[in-house]
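Visitor:
Structure follows, in structure tokens:
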């Protein structure tokens, strides 16, 4: 079963606007990761936030983590058409062996030029 | 640098035929290896993972099997494909240490007819 659930399932914005995607999960975690997937391709790792961190930045990406609410958000600022892709959160669950990640269903982001 | 190769990119197979998808990793040793399946427009389902040669863990009982004959080679197989085996299959690896991101191959689009 899926651990993370992204919201919204689909998001359409204009170039230059900010895009916010949310992820909720159910169990205690070691870390939470965000990935990007272009259509028909493999996933690419974007950012990892550990359970003892609250916020992390990487370029135009900002990730927050609220372990009390079991939720995370991914903010892409000043979006570009090239940001069009699906974005997935994945949790590394506490107690799991072998770095197993559980993925959510993803948010499909479309950035219109 | 590390690279992951997955082939073939696309495959069309009749029901009842065998399957063999191969994945190899270069530039690292003793990686954790994973096979995921992705249904259209959905998240990823973990099928198998391996923390070492000959060590395979199955997450979902199904018509598929996996093998790791060499340290950096991971093979997904089936003796007789079902229509429900159609999907996008992704191989991935991580370092054999905590909190490491997944690195994905470009995937195999399998259509069972």
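Residue numbers (this note's numbering), protein chains in the order written: chain A, 1142 to 1254; chain B, 5 to 117. Where is the CB? At the ideal position from N, CA and C, for every residue including glycine.
Measuring CB atoms only, is the region 31 to 41 of chain B touching the region 63 to 78 of chain B, in the sense that at least three cross pairs come out at less than 8 Å?
Guide: With the cut-off at 8 Å, the region 31 to 41 of chain B and the region 63 to 78 of chain B touch.
Visitor: What's the gap between the Cα of residue 1152 of chain A and the Cα of residue 63 of chain B?
Guide: One C-alpha to the other measures close to 31 Å.
Visitor: Are residue 117 of chain B and residue 16 of chain B close, meaning C-beta to C-beta below 9 Å?
Guide: Contact flag set, yes.
Visitor: Mind checking if residue 1226 of chain A is an interface residue toward chain B, Cβ cutoff 9 Å exclusive?
Guide: So, not an interface residue.
Visitor: Could you say if the region 96 to 108 of chain B and the region 1181 to 1193 of chain A meet the contact criterion of at least three C-beta pairs nearer than 8 Å?
Guide: Enough Cβ pairs lie closer than 8 Å, so yes.
Visitor: Short of 7 Å in beta carbon distance, which residues of its chain neighbour residue 1208 of chain A, apart from the five on each side in sequence? Order them along the chain.
Guide: Excluding sequence neighbours, residue 1208 of chain A sits near 1192.
Visitor: Residue 1162 of chain A bridges to which residues according to DSSP?
Guide: Residue 1162 of chain A is bridged to A:1215.
Visitor: Does residue 51 of chain B have its Cβ less than 9 Å from a Cβ in chain A?
Guide: Not one chain A Cβ lies under 9 Å of residue 51 of chain B.
Visitor: Quick check on the DSSP output: the beta strand (DSSP E) that includes residue 1253 of chain A runs from which residue to which?
Guide: Where residue 1253 of chain A is concerned, the enclosing beta strand (DSSP E) stretches over 1248 to 1253.
Visitor: Report the partner residues of residue 1234 of chain A according to the DSSP bridge assignment.
Guide: Paired residue(s): A:1170.
Visitor: Smallest Cα separation from residue 112 of chain B: which of B:8, B:93, B:86, B:102?
Guide: Looking at the Cα atoms, B:93 is the closest of the given residues.
Visitor: If the cut-off is 9 Å on Cβ atoms, which residues from the region 89 to 110 of chain B count as contacting chain A, listed in chain order?
Guide: Answer in chain order: 92, 94, 95, 96, 98, 99, 100, 101, 102, 103, 104, 105, 106, 107, 108, 109, 110.
Visitor: Taking only beta-carbon atoms, is residue 1234 of chain A less than 9 Å away from chain B?
Guide: Not closer than 9 Å to any Cβ of chain B, the Cβ of residue 1234 of chain A fails to qualify, so no.
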